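Taking the numbering used here, I'd label the letters of the sequence shown as residues 1267 to 1496.
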Amino acid sequence: MNRIQIPIFELKNILISYGDKTALKIRNFKFHRGTVYGIAGPLGSGKSTFLNMLRGKLDLDDGELLYESNPFKKNWRGKIKLPEEIIYVKGADVSSGGTVNQFFTSRFQDRSKQIKKQYYSSNNSANEWEASIDSLSAGQLRRLNLVTAIESDPKVLIIDDYGINFDDSTLREFNKKLSHSARARGVTIILSSSRIKDISGAVSVLLSLDNGHLAKVRSFKKPEQRSSRR
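Following this line, the structure appears as structure tokens:
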């Protein structure tokens, strides 16, 4: 099978429980490369459990999670060694002083000039480039985190609470950036939100959770954008 056709994640009869409460129960689902997925549902529906499972932070009570056709590797203590190409973003915490410019220059060297052009050249964001990170608002820190994650060239980008602290303009901007990353770079992107409207503009496939169950799968794009559920 062509590697492009191999699912990035494959879920088989997944069960995760906390005591006698079922937190997540999914029969079969495949995440494909170059697609933006959304996971939506109210508080307590299983979104965080779902994401924590995909990033190797939870043990399964039953079933199998495959990453590129294989289980996650484990270290000698039995802890999952998450591949570096899977990046998880939540909140707006950045443990760095200095300015935004200095942060990106230190991390990406010459590519920081292109990052400035792509993300910090509009009227709304240009003044952030030379601003101290300590002075940034929650939304500005969130922007910095997302830009860093996108430009780190992941295979999988998982974003929890997508849209939090963003105004409509910033949300539209990142919707376009994420769609481009999926389409042009083949990144699999998985967004989570309790508000469908925050993710519906970005996703190709929307998964709706209800009490840990996959209640509905909806496609927003052309049929060749592949998702499968049995």
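We put the beta carbon where it would ideally sit given N, CA and C, even for glycine.
If you're wondering where the values come from, they're calculated on a predicted model, not measured in any experiment.
Length of the line joining the Cα atoms of residue i and residue j
i	j	result
Ala1392	Ser1401	15 Å
Lys1296	Thr1436	30 Å
Val1355	Leu1412	7 Å
Ile1346	Asp1433	36 Å
Lys1379	Gly1363	20 Å
Lys1482	Leu1472	8 Å
Lys1339	Val1453	21 Å
Asp1286	Gln1368	50 Å
Asn1336	Pro1420	18 Å
Coil, strand or helix - residue i by DSSP
i	result
Leu1277	strand
His1298	coil
Gly1363	coil
Ser1466	coil
Ala1481	strand
Asn1336	strand
Tyr1354	strand
Asp1434	helix
Ile1425	strand
Leu1290	strand
Beta-carbon proximity check, residue i vs residue j, cutoff 7 Å
i	j	result
Ile1305	Ser1458	yes
Leu1395	Tyr1386	Here the sequence assigns Trp to residue 1395, which means Leu is not the residue at that position. Cβ atoms of Trp1395 and Tyr1386: closer than 7 Å.
Ile1272	Ile1280	no
Glu1330	Lys1278	yes
Leu1423	Ile1462	no
Per DSSP, the bridge partner or partners of residue i
i	result
Gly1304	Leu1457, Leu1472
Ser1398	Thr1365
Is it the case that the segment 1300 to 1309 contacts the segment 1344 to 1353, given that we only count it when at least three CB pairs across the two stretches are under 8 Å? no
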